Amino acid sequence: MTTAQAAAARLDTSKTGAPVSAPADKNAYTSHTWWYDVRGFGILTFAYQDTLWRQIRFFEGNLRTAHLEVAVGTGTLFQMVLKKRRRAGTLPQQIVGLDYSEEMLDGAKRRFRKDPNVTLLQGTVCEMPYKDGSFDSVNIANALHCFSDVAGALREVKRVMAPGGTLAVNILLYPTGFSLARRIANAINAWGMKKGILHTPFTEADALAHFTAAGFKIAGSRVKGNCLYVLAQA
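Here the sequence shown is numbered in my numbering, starting from 17 and rising by one per residue.
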């Protein structure tokens, strides 16, 4: 069975073929993909106060046999994650990337057009067209705080995960640190919410409560800058 056939076998055909019901703020993701990547790096640096290398290491560590990348976007970060894992010679057997934005997904399709290990599909995280227990690992990179229905998204993610599967997520927190850094981060967050690319930052306690409410076990969490990293188990 090829990688594409294996990914297709995980689809729930009763949920495919229906129109994708994108969130109301979909117009926030119709920019040119290069601009999305540039502004994303600025947000990472000044709002998250985090590093790209830390994100690559974190998400690369959560790739298991059958992997789902939720909100894959343009695929820029995920391609870096896969390159790091590929150098170790231990890529997942099946890799699926999901995003609701057709424009962002087009960028990912161009990025992975020569990679037969990656299957890309348009869909929404709160209503994914996959069978129960389809994936051993799921990553949600730089996106949970962009979802308007975090509780619904996490419940649906847990549904498509195999028992004992692992979920890696990073979450934007309300800014801390010295005064100038907080003002810059708050200004970026306010712009993001107005633009529609950020729903809300979280406190650490509120973010962790969402995982336990969805039935996940917290395997580990840590705060770096204004970013909370969570590894949860289904």
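Beta carbons are placed, not taken as given, at the ideal position from N, Cα and C, and that holds for glycine. Since the model is a prediction, treat every value here as computed from it, not as a measurement.
Measure the alpha-carbon distance for residue i versus residue j and round it to whole angstroms.
i, j, result
"His83", "Gly181", "10 Å"
"Val166", "Thr140", "12 Å"
"Gln138", "Gly168", "18 Å"
"Asp41", "Arg101", "The predicted position of Asp41 is uncertain, since its pLDDT is 45 and thus under 50; a value taken from the coordinates is nonetheless stated next. Between Asp41 and Arg101, the C-alpha separation is close to 33 Å."
"Ser117", "Ile213", "12 Å"
"Met209", "Thr216", "7 Å"
"Asn155", "Ala178", "14 Å"
"Tyr245", "Pro191", "15 Å"
"Ser150", "Gly91", "21 Å"
"Leu27", "Pro145", "6 Å"
"Arg73", "Met120", "23 Å"
"Arg198", "Gln109", "42 Å"
"Thr228", "Glu220", "13 Å"
"Gly105", "Asn78", "15 Å"
"Asn225", "Phe218", "Reading off the sequence shown, one finds Ala at residue 225, where the question assumed Asn. So the alpha carbons of these two residues sit roughly 11 Å apart."
"Leu196", "Ala206", "15 Å"
"Val88", "Arg70", "18 Å"
"Ser37", "Leu189", "Residue confidence is low: Ser37 scores 39 on pLDDT, short of 50, so the model does not pin down where it sits. No coordinate-derived value is stated."
"Lys130", "Gly193", "43 Å"
"Phe163", "Phe128", "25 Å"
"Phe57", "Asp115", "19 Å"
"Leu107", "Asn158", "22 Å"
"Arg103", "Lys211", "37 Å"
"Lys99", "Glu76", "9 Å"
With a CB to CB cut of under 6 Å and the five nearest residues on each side skipped, what residues in its chain are close to residue i?
i, result
"Gly236", "Leu247"
"Ala223", "Ile187 and Leu244"
"Asp152", "Arg80, Thr81, Ala82, Ala178 and Gly181"
"Val185", "Ile156, Leu160 and Val246"
"Val173", "Val154"
"Arg238", "Tyr245"
Excluding the 5 residues preceding and the 5 following residue i in the sequence, name in chain order all residues of the same chain whose CB lies nearer than 7 Å to its CB.
i, result
"Ile204", "Ile59, Phe62 and Ala63"
"Lys125", "Leu136"
"Asp66", "Leu60, Lys240, Gly241 and Cys243"
"Cys142", "Asp165, Gly168, Ala169 and Glu172"
"Ile200", "Phe62"
Hey, residue i and residue j are a contact pair by Cβ (cut 8 Å); roughly how many whole angstroms apart?
i, j, result
"Arg175", "Asp148", "6 Å"
"Val134", "Ile111", "5 Å"
"Leu183", "Ala250", "7 Å"
Looking at the strands, I want to know which residues DSSP matches up with residue i.
i, result
"Ser153", "His83 and Thr182"
"Asp115", "Gln138"
"Lys233", "Gln249"
"Leu189", "Phe218"
"Val239", "Leu244"
"Met177", "Phe151"
"Leu27", "Tyr146"
"Gln110", "Ala82"
Counting only C-beta atoms, is residue i closer than 8 Å to chain D at any point?
i, result
"Lys125", "Absent from the structure: chain D. Only one protein chain is present."
If you drop the 5 nearest sequence neighbours on each side, which residues of the same chain put their C-beta closer than 8 Å to that of residue i?
i, result
"Asn202", "Pro191"
"Leu68", "Phe57, Leu60, Leu93 and Met96"
Checklist line | Inter-stretch contact (C-beta, 8 Å, three-pair minimum) for the region 90-99 and the region 226-246 | finding: Touching, no.
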